[in-house]
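Residue numbers (this note's numbering): 30 to 163.
#1: Apart from the five residues just before and just after residue 116, which ones in its own chain have a Cβ nearer than 8 Å to its Cβ?
#2: Which same chain residues, not among the five before or five after residue 151, have their C-beta less than 6 Å away from its C-beta?
#3: When you compare the CB positions of residue 160 and residue 89, do they come within less than 8 Å of one another, or not?
#4: List the endpoints of the continuous beta strand (DSSP E) containing residue 57.
#5: According to DSSP, is residue 125 part of a helix, a strand, or is it coil?
#6: Does DSSP put residue 104 in a helix, a strand or coil?
#7: So for residue 36, helix, strand or coil by DSSP?
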């Protein structure tokens with residue numbers, strides 16, 4: 030990771046409206062955050078309205094990449110479980126699209142899907158909570 034690479038990455042992220050990004054390669058880790066409030070650790074971020082909730086609701090499904098969130102496969106109409114549905118670990122709950130590439134968004138553990146925290150078609154950042162998982 031060179032200073033020139035970091036500068037290009039920061040410029041691209043800012044231009045696309047992304048507010049946070051984590052990048053890891055060859056043992057090096059870079060976290061870029063844009064805005065007034067910068068958390069020191071990823072787990073220090075509390076989702077809006079999370080006060081008073083049970084701990085399970087604070088373990089949402091998070092985007093594992095930056096991209097456009099889709100709760101319906103854009104070309105196949107793949108059946109995504111609705112809010113309130115029970116899911117198993119690894120089950121597909123959405124898709125992230127970057128250009129022509131589409132990747133599956135999966136549940137990281139078994140549970141029941143809660144409300145969606147991001148809208149269909151919304152640009153989401155790495156680590157952003159996209160759906161509650163109880």
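Ideal Cβ positions, reconstructed from N, Cα and C, are used throughout, including at glycine.
Reading off the structure:
#1: 110, 122, 136, 139, 140, 141, 142 and 162
#2: 98
#3: yes
#4: 57 to 62
#5: strand
#6: coil
#7: helix
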